[in-house]
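In terms of the working numbering, the sequence shown has 1429 at position 4, counting the first letter as 1, and numbering is strictly consecutive.
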Amino acid sequence: MASWQDTSAESSDPELRVARGVLALAGVLGMLLAATAAFMPAPFGAGAHFGRDLVTFEAALSCGFLLAAWQPPRYGSSLLPVAGIAGVGTLLLSAGDLTTASVGLLAEASHVPVLFGLAGLFLLFDAANRSGRRWTT
């Protein structure tokens, strides 16, 4: 059974590289989105105070995706429940917004980093299970 610390096994596992790449992409996109929204008067279409709270959450979750891409065994499994709730909540609420046409598709595109991050965590979990890695440190 290969361990997470076995870097030779990690570097030769294409599924793990893809998962880490998706997580890194989600983290970078989310941080860019949060940094951009931080300077808006009403980020994410919310009021100034509530919008800044959303910016902080977006930055924190994006930082978690970057950490999970960097050290999967340490951060990946811990982040999965949080990202799962954020991702499922985002999908349900966005679907409602889109069906009632209360928000445009472009406004919903701001949720892409959360969904990419969740997908990256699922890919990471799948790659770990296929190779026999454990999710505990």
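The beta carbon of each residue, even a glycine, is placed where N, CA and C say it ideally should be.
Assigned exposure category for residue i - 16 Cβ within 10 Å defines buried
{"i": "Asp1438", "result": "buried"}
{"i": "Arg1558", "result": "buried"}
{"i": "Ser1392", "result": "Because the chain in this structure spans residues 1426 to 1562, residue 1392 falls outside the shown range and cannot be described."}
{"i": "Leu1518", "result": "exposed"}
{"i": "Ala1511", "result": "buried"}
Distance CB(residue i)-CB(residue j) smaller than 8 Å
{"i": "Ala1449", "j": "Ala1494", "result": "yes"}
{"i": "Gly1501", "j": "Leu1548", "result": "no"}
{"i": "Gly1446", "j": "Glu1483", "result": "no"}
{"i": "Ser1487", "j": "Gly1514", "result": "no"}
{"i": "Ala1508", "j": "Leu1543", "result": "yes"}
{"i": "Ala1463", "j": "Ala1552", "result": "no"}
Which listed residue (the options) has its alpha carbon closest to that of residue i
{"i": "Phe1541", "options": "Asn1554, Leu1479, Leu1516 and Thr1524", "result": "Leu1516"}
{"i": "Gly1550", "options": "Leu1505, Gly1521, Glu1483 and Val1537", "result": "In the sequence as presented, Gly is not what sits at residue 1550; that position holds Phe. Selected option, being the one with the closest Cα: Leu1505."}
{"i": "Thr1481", "options": "Thr1461, Pro1497, Gln1496 and Leu1492", "result": "Thr1461"}
Cβ-heavy atom distance, residue i to the ligand ZN, below 7 Å
{"i": "Ala1484", "result": "Of ligands this structure carries none, so the ligand ZN is not represented either."}
Coil, strand or helix - residue i by DSSP
{"i": "Met1465", "result": "coil"}
{"i": "Val1453", "result": "helix"}
{"i": "Ser1433", "result": "Residue placement at Ser1433 is flagged as unreliable, the pLDDT there being 48, under the threshold of 50; a coordinate-derived value is accordingly withheld."}
{"i": "Val1443", "result": "helix"}
{"i": "Ser1428", "result": "Any answer about Ser1428 is weak, because its pLDDT of 42 lies below 50 and its placement is not dependable; what the coordinates show is given next. It is coil, neither helix nor strand."}
{"i": "Asp1522", "result": "helix"}
{"i": "Leu1486", "result": "helix"}
Endpoints, the alpha helix (DSSP H) within which residue i is located
{"i": "Gly1542", "result": "Val1537 to Ser1556"}
{"i": "Val1528", "result": "Counting along the chain, Val1528 falls outside any alpha helix (DSSP H), and DSSP gives it neither H nor E."}
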